[in-house]
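In our numbering, the protein residues as written are 226 to 370.
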């Protein structure tokens, strides 16, 4: 097992239905999936273009978490909205992974509607903080190139 597996197991035990890790690839203006709890629906080889929308500005630009407790909050931001909903996910949280103040990736947590209470969100952020160094080591070991 690696840090991605450990984080996924912890997230799923707290009610997460889909867990992915994406890495920011600024050279190609996209994010690349590095881990997926559902490799059939969301294969690790997948990429998403990074546009200059509200989500990108908030998460990638400012390094702030994005939380939507109903799919209406991400419907216009995620081109794969229908696929996400088909998996039974109606809320999401995208937590930035920072290295020296720069966003290098995100933990993407998807669950049922209303899942991300302040207490749960604090728990996921604490989980990210506890695994931060191991995450950075894993990311460094698998460069984007």
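We put the beta carbon where it would ideally sit given N, CA and C, even for glycine. On a predicted model such as this, the values are computed, not experimentally measured, just so you know.
- Here residue 345 really is in contact with residue 239; their C-beta atoms are around 7 Å apart, less than 8 Å.
- Here the alpha carbon of residue 291 sits roughly 20 Å from the alpha carbon of residue 355.
- Between residue 313 and residue 242, the beta carbon gap of about 6 Å places them in contact (Cβ cut-off 8 Å).
- Counting C-beta pairs closer than 8 Å gives fewer than three between the stretch 289-308 and the stretch 245-264, which falls short of the contact rule.
- Here DSSP, grouped into helix, strand and coil, assigns residue 329 to strand.
- When 342, 359 and 273 are compared, the shortest CA-CA separation from residue 251 is found for 273.
- The bridge partners DSSP lists for residue 335 are 243 and 317.
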